[in-house]
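Okay, so here's the structure we're looking at.
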Amino acid sequence: MSDDFAVQTFELAKEFNGLRAVDGIDLKIREGELFSLLGPNGAGKTTTINMLCCLLKPTKGTARVAGYDVLNEPGKVKGHIGVSPQETVLSERLNSWENLSLFGKIYGMSSKEIRERSEELLERVGLLDRAKDQVRKFSGGMKRRLNLILALIHDPQILFLDEPTLGLDPQSRRAIWEYIESLKGKKTILLTTHYMEEADFLSDMVAIIDSGKIVALGTPNELKKKFADTGVLRVSTKGLRKDILEELKAEYETVNETAEELKIVRDDLDLKEVVDFLYSRNVSVYSAAREEPTLEDVFLRITGKRLRD
Amino acid sequence: MRFWEFAKRNFKELWRDPVALGFLLGMPLVFMLIFGFAFSEEHMSKSHIGVVDKDKTSTSRAFIKVLNEIEDLEVSSHRDTSKALKELKDGELLCFFLIPKGFGSAVEENRRGGKMKISLKVTYDETKQWLPEQAIAIVEGVALKFMGTENPLNLKRQGIKPEAKPEFLHFLVPGIVIFGLMILIPTLARTIVADKEKGFLPRLFTTPTRSVDFLLGYSLPMILVTVILVIIYLVVAFLMGLKVYGNLALAFIFFFLIGVCCIGFAMTIGAFAKSEAQAEPVCWIFLVPMAMLSGAWFPIENLHPIMMNFAKTFPFYYALEASRRIITTGAEFNMVSTEFLIVLGWAVLSFLMGTIAFRRGIGFD
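This is how it looks when you write it as structure tokens:
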């Protein structure tokens with residue numbers, strides 16, 4: 001594999017009707033690395049993956065996947081990758097065996113290989129006992145798990161997982177995380193997500209993407225340390241009127257409000273200053289505490305947006 | 310053999326979808342059953358027979374009157390045999406009886422204890438299988454009762470084969486088969502668009518699958534479905550009373566080629582439609598006028614010349630004409646060779662068109 005990188009992009013860009021969805025990104029993903037592209041909806045994550053798995057032709061730049069150029073050697077690239085798309089793409093009236101067999105045969109596997117590999121994968125994701133049921137009878141979580149192992153049937157070197165836990169309940173999400181975690185080091189994985197905790201839990205490397213550009217790159221810890229001076233304050237209040245909240249937002253650039261508390265993010269944040277500000281306006285403060293920044297806070301700090309926006 | 314795996318998947322998806330399968334098979338079968346029962350002569354309430362009275366006596370007239378009173382018979386009197394024969398050949402009569410001169414006197418003699426031999430000559434349509442027999446049996450029973458004797462009635466039978474003339478069922482069956490095959494268009498187009506819309510095709514595009522695998526993967530199951538459909542429709546038609554005078558295999562080839570045309574049209578629509586919601590009306594906008602103008606439901610010879618010429622632009626009209634002639638008049642290949650070439654040309658053209666459209670239309674860039 002060239003230069004030890006399983007995936008490498010060179011000024012990769014894609015425009016749709018003049019709108020730049022991916023804006024000249026350079027990524028380097030090492031073999032066996034789990035690399036996350038973290039960004040909100042519309043940031044360009046899926047477009048990037050689609051270019052890397054030869055579904056879309058880049059408007060500018062190119063990429064090498066498994067040592068092959070996506071523009072000139074798409075057939076070879078496709079032979080080395082497994083893709084789990086954002087949508088749950090299954091043949092609904094086929095059962096799990098049949099779905100896996102279809103993809104196995106497409107990759108030229110023998111029936112025996114497919115049977116053995118399918119059994120192993122179905123067992124691993126807890127679907128073996130329902131393997132003969134038509135997929136349309138599955139729950140969303142079960143479909144997601146099958147969707148994921150379809151990308152693994154031919155034991156590819158490189159995996160592209162596009163939002164693998166999108167729309168799942170926490171329990172199903174956790175099950176998929178555990179499975180992806182078990183693949184770490186064995187496969188090169190490019191994962192896109194807009195779940196901060198997913199990227200934090202799974203990734204060796206994280207690239208934060210916004211408006212088609214990579215705005216931050218590093219390990220989760222590196223990113224958090226890099227923005228360690230970012231103060232995060234969580235305040236629980238009573239009697240916070242809308243006008244006071246607006247005043248607060250004018251004073252502190254990023255203020256997020258949930259049903260029970262305020263989250264204020266700013267460099268050199270002074271806890272006493274915030275509490276005094278609220279007391280002076282007759283707002284009761286039940287609790288106030290500083291927190292370590294999360295990837296979400298890092299993202300908020302860099303882009304001024306929340307990941308789920 | 311990636312295409313084979315893909316074809317198997319598409320066939321299973323269709324076979325296990327009761328709605329799609331029911332629609333594909335059910336609608337033409339329902340038409341076949343409704344029209345078949347509504348118009349097949351087996352279910353007409355009265356048997357239409359003719360009587361030619363050469364005797365012209367009060368006894369012969371009384372006999373005709375008695376026949377007229379039978380609920381199951383509709384009796385029409387004819388002056389001479391030529392007119393009765395014409396009606397028989399036109400399919401308006403099941404049979405006609407010739408009451409010979411001397412019928413009345415013979416009946417009267419026998420009523421007085423005589424042993425006169427009484428003859429009735431009956432001419433019937435052989436092609437209508439058991440229907441004339443039923444009518445003849447009724448007349449024989451009435452005649453014996455009328456004569457009041459146990460003397461056997463001498464029925465002189467003469468069967469004829471009228472020049473084959475399309476009956477409604479024979480007219481209808483090729484139309485329903487071709488209409489049924491037309492339903493392949495929305496079925497396949499919907500499958501392609503759904504795979505595109507739901508991401509199945511894009512996912513396969515990330516595998517080493519080639520465009521020829523997709524083409525064969527979608528078309529092969531439909532070709533198999535075409536063969537199955539034609540067999541089912543023909544079996545049902547036979548059960549409804551269809552009689553084929555010509556080479557059924559030749560008719561089958563016409564139906565098969567129309568199936569290929571429909572697959573080509575479906576691939577074209579499926580490749581360019583953006584969603585299932587878009588594909589469905591586009592298919593029906595194409596399909597309904599085509600079905601009407603093909604002559605499937607009514608003869609189009611009386612249409613405005615512009616409409617007729619438009620109808621003759623498409624292969625459905627030619628396939629229908631040819632298959633009807635094969636079925637009803639026993640037309641040989643040389644008699645339908647022009648239609649064959651037109652339909653074959655359309656099959657090749659539409660499949661090529663579908664192939665090109667499919668390659669271009671399902672690109673995702």
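Same order as they appear, the protein sequences are chains A and B.
Quick note on numbering: the first sequence equals residues 1 to 309 in my numbering.
Quick note on numbering: the second sequence equals residues 310 to 674 in my numbering.
Even for Gly, the Cβ is constructed at its ideal location relative to N, Cα and C.
- At the C-beta level, serine 96 (chain A) and isoleucine 114 (chain A) stay beyond 7 Å of one another.
- Within its own chain, the residues whose Cβ lies closer than 8 Å to the Cβ of glutamate 418 (chain B), once the five positions on either side in sequence are excluded, are Met425, listed in chain order.
- Leucine 37 (chain A) places its beta carbon 7 Å or farther from that of threonine 165 (chain A).
- Within chain A, the C-beta atoms nearer than 8 Å to that of glutamate 314 (chain B) come from Ser101, Leu102, Lys105, Ile106, in chain order.
- Among the residues of chain B, those whose CB is under 9 Å from the CB of proline 85 (chain A) are Gly508, Pro511, Arg512, Thr515, following chain order.
- Your pair phenylalanine 405 (chain B) and glycine 359 (chain B) checks out as a contact, with CB atoms roughly 3 Å apart and the cut at 8 Å.
- Relative to the Cα of glutamate 380 (chain B), the nearest Cα in the group B:Ser356, B:Ala393, B:Asp389, B:Val361 belongs to B:Ser356.
- Contact with chain A is found for glutamate 322 (chain B), since one of that chain's Cβ atoms lies less than 7 Å from the residue's Cβ.
- Taking 7 Å as the CB threshold, glycine 67 (chain A) stays off the interface with chain B.
- Going by DSSP, methionine 205 (chain A) is part of no alpha helix (DSSP H) but of the beta strand (DSSP E) stretching over 205 to 210.
- Scanning chain B for C-beta atoms nearer than 7 Å to the C-beta of leucine 55 (chain A) yields Pro511, Phe514, Thr515, Phe673, reported in chain order.
- The beta carbon of valine 7 (chain A) does not come within 7 Å of any beta carbon belonging to chain B, so the residue lies off that interface.
- Partner residues in the beta bridge of valine 235 (chain A), as assigned by DSSP, are A:Leu262, A:Ala288.
- When secondary structure is reduced to three states using DSSP, histidine 154 (chain A) falls in the coil class, being assigned neither helix nor strand.
- In chain order, Phe201, Leu202 place their CB closer than 8 Å to the CB of glutamate 181 (chain A), counting only its own chain and leaving out the 5 sequence neighbours on each side.
- Listed along chain A, no residue sits closer than 9 Å to arginine 668 (chain B) by beta-carbon distance, the nearest being about 15 Å off.
- Between phenylalanine 581 (chain B) and glycine 670 (chain B), the C-beta spacing is below 7 Å.
- The shortest CA-to-CA distance from asparagine 50 (chain A) to any of A:Pro40, A:Lys78, A:Phe277, A:Gly32 is the one to A:Lys78.
- Looking at the backbone, the Cα of lysine 395 (chain B) and that of aspartate 434 (chain B) are separated by about 12 Å.
- Within chain A, the residues whose beta carbon sits less than 8 Å from that of aspartate 326 (chain B) are Arg93, listed in sequence order.
- Within 10 angstroms of the beta-carbon of lysine 14 (chain A) lie 16 or more other beta-carbons, which makes it buried.
- Contact of glycine 79 (chain A) with chain B by beta-carbon distance below 8 Å involves Pro517.
- With a threshold of 7 Å between beta carbons, valine 265 (chain A) makes no contact with chain B.
- In this structure, glycine 654 (chain B) sits away from glycine 573 (chain B), with a CB-CB distance that is not shorter than 7 Å.
- At the C-beta level, glutamate 92 (chain A) and valine 125 (chain A) stay beyond 7 Å of one another.
- DSSP, read as helix, strand or coil, puts aspartate 389 (chain B) in coil.
- Just so you know, the alpha carbons of isoleucine 537 (chain B) and arginine 668 (chain B) end up roughly 28 Å apart.
- Isoleucine 176 (chain A) carries a helical assignment under DSSP once its states are collapsed to helix, strand and coil.
- The continuous alpha helix (DSSP H) containing glutamate 123 (chain A) extends over residues 111 to 124.
- In this structure, isoleucine 81 (chain A) and threonine 515 (chain B) form a Cβ contact; the two beta carbons are roughly 7 Å apart against a cut-off of 8 Å.
- Ranked by Cα distance from valine 283 (chain A), the options A:Asp270, A:Gly61, A:Ser236 are led by A:Ser236.
- Looking at A:Ser280, A:Leu161, A:Leu248, A:Tyr252, the one whose alpha-carbon comes closest to that of valine 89 (chain A) is A:Leu161.
- Sequence-distant Cβ neighbours of valine 215 (chain A) in its own chain, meaning closer than 6 Å and more than five residues away, are Ile208, Ile302.
- Not one beta carbon of chain A lies nearer than 7 Å to the beta carbon of arginine 499 (chain B).
- Nearest to lysine 213 (chain A) by alpha-carbon distance, out of A:Lys226, A:Tyr195, A:Gly39, is A:Gly39.
- Counting every other CB atom within 10 Å of its CB across the protein chains shown gives isoleucine 153 (chain A) a total of 16 or more, marking it as buried.
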